Structure formats: structure tokens, C-alpha cells
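Those sequence lines, one after another, are chains A and B.
Per the numbering used here, the very first residue in the first sequence carries number 1; after that it's consecutive.
Per the numbering used here, the very first residue in the second sequence carries number 1; after that it's consecutive.
Notes follow the structure.
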Amino acid sequence: DAGVIQSPRHEVTEMGQEVTLRCKPISGHNSLFWYRQTMMRGLELLIYFNNNVPIDDSGMPEDRFSAKMPNASFSTLKIQPSEPRDSAVYFCASSLEWDRQSRQPQHFGDGTRLSIL
Amino acid sequence: SQQGEEDPQALSIQEGENATMNCSYKTSINNLQWYRQNSGRGLVHLILIRSNEREKHSGRLRVTLDTSKKSSSLLITASRAADTASYFCATVDSNSGYALNFGKGTSLLVTP
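Here is the structure:
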């Protein structure tokens with residue numbers, strides 16, 4: 001079975017450029033999460049979608065960040081304009097039926113390593 | 001926001017030895033999960049323990065949960081070089097939102 005697929009795996013770009021990260025969740029999963037991982041702050045949840053609808057975007061750092069989920073099989077995380085402090089590994093994860101009582105694990109992609117010069 | 005805090009930050013053992021990692025958290029929880037992350041890869045779910053459970057086993061993994069102390073431990077028995085990875089505990093706060101809050105992890109090195 002295909003897992004969560006993220007692209008690109010690596011992205012190096014200059015500050016001020018627009019960056020778009022892509023995610024294909026596992027088929028049938030109705031919950032999707034974007035995380036950011038840095039040495040200083042660890043793993044942080046950026047946004048959570050349920051049935052393609054953004055439920056919690058309180059982790060999105062600022063207006064330069066936006067995320068969309070136009071259908072159940074695709075999501076994007078966009079940074080515009082990018083800044084050096086956005087450099088991190090960005091993970092997408094999906095899950096079945098995620099809620100507060102959930103006993104379903106989250107399945108992670110292998111991440112996009114983003115470097116903003 | 002971070003919820004779980006793992007201890008130790010780094011652990012180095014030899015193959016065949018047991019590895020114990022601890023996790024502390026701050027608020028009430030519905031369940032606690034442990035994940036593994038190999039270098040350059042995403043996180044992989046290992047085991048989930050519910051708030052009304054005290055101990056759970058899965059293969060060479062043993063997880064305990066003490067809700068009175070707000071702590072959990074992960075024991076890996078008879079470790080192998082392939083167990084080398086970072087291990088994270090994660091909780092879903094039963095009062096607040098949907099975030100799976102991760103600690104900063106324990107980096108485990110198992111040498112042959």
C-alpha cells in the first residue's frame with residue numbers, strides 16, 4: 001500500500017520566493033495534518049484538515065503561510081514570500097477518523113527538507 | 001505547543017541491551033502514543049496506550065502509563081542496531097484541540 005507521498009523531498013530557494021509543498025494522503029484517510037520540524041522547536045502542528053475542511057490552523061505561523069486541500073487526495077502548503085527562518089523539514093500526515101478520542105495512528109510522509117537562503 | 005518531554009535526550013547502548021525512555025506530559029489525556037523516526041524519514045507509529053491502561057506490550061516494546069504522575073515509559077528489550085532512531089511520545093489533550101503534541105524525542109543509538 002502506498003503511504004503518504006510528499007514532494008519535493010528537498011527544496012532550496014532564495015528568500016522572497018514562493019514555495020509550494022505537496023502532499024498525497026493515504027487513500028481513504030479523511031484527516032490530514034501539516035507539521036514542521038526544527039531542532040529548536042521540535043515537531044509543531046501547523047494545520048489540520050478533516051474531510052478537506054481546515055479545522056485548526058492555529059499553528060500556522062503567519063499570513064505568509066497558507067494551506068489548501070482541494071480534494072481528498074491532495075493538499076498543498078504554500079509559503080509566500082519565504083524567509084530563512086522558514087527552513088525546516090515539513091511533514092504531512094494522514095489518519096482515519098481523527099478526533100479527540102481517536103485511537104487511530106497518524107501516518108507520516110518522509111517530509112520535505114526546505115532550505116531558504 | 002509541546003506537551004510531552006522525553007528523557008533522556010540521547011541514549012547509547014549495545015546490541016542486546018534494553019533501552020528505556022521516559023516521557024512526561026502536562027495535561028489530562030485520552031491516550032498517549034509513541035512514534036519512531038529514522039534519520040531522514042517520517043515518523044512511524046509504534047504503540048498507543050489509553051488513559052485507562054497501565055501497561056501494554058507489542059513485540060519487544062513495553063509501554064507503561066502512570067496518569068497520576070503524568071508520565072510514560074517505553075522499554076525496548078533486546079535492542080538491535082536497526083532500533084537506532086529517535087523516539088517521540090505524543091499526546092492528544094483531552095480538553096483542548098486536535099493537535100498531536102510531540103516532545104523533542106530521545107535519540108537512541110544501538111551499537112553492534
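Glycine residues also receive a C-beta, built at the ideal position from the N, C-alpha and C atoms.
The structure displayed is predicted, hence computed values, not measured ones.
Item to complete: Could you please give me the residues that DSSP links to residue 45/B through a beta bridge?
Response: 35/B
Worksheet entry | Distance between beta carbons of residue 17/A and residue 112/A, contact taken as under 8 Å | That belief does not hold up - the Cβ atoms of residue 112/A and residue 17/A are roughly 15 Å apart, past 8 Å.
Worksheet item: Does residue 17/A have its Cβ less than 9 Å from a Cβ in chain B?
Response: no
Worksheet item: Per the contact definition of three or more C-beta pairs closer than 8 Å, is the region 59 to 76 of chain A in contact with the region 31 to 38 of chain A?
Response: yes
Worksheet item: Cβ of residue 59/B less than 9 Å from any chain A Cβ?
Response: no
Practice prompt. Identify every residue that forms a DSSP beta bridge with residue 16/B.
Written response: Residue 16/B pairs with nothing; no bridge assigned.
Discussion item. Run through chain B and tell me which residues come within less than 9 Å of residue 80/A, C-beta to C-beta.
Written reply: Neighbours of residue 80/A on chain B: none; closest Cβ ~25 Å, over 9 Å.
Item to complete: Quick one: using the 10 Å Cβ neighbour count with 16 as the cut-off for buried, is residue 78/B buried or exposed?
Response: exposed
Worksheet item: So which residues on chain B does residue 108/A lean against when the C-beta distance must stay under 9 Å?
Response: 35, 37, 41, 42, 43, 44, 45
Practice prompt. Taking a Cβ distance cut-off of 7 Å, strictly less, list which residues of the region 29 to 57 of chain A are near chain B, in chain order.
Written response: 42, 43, 45, 48, 55, 56
Discussion item. My output table needs one value for residue 81/B: the three-state DSSP class, helix, strand or coil.
Written reply: helix
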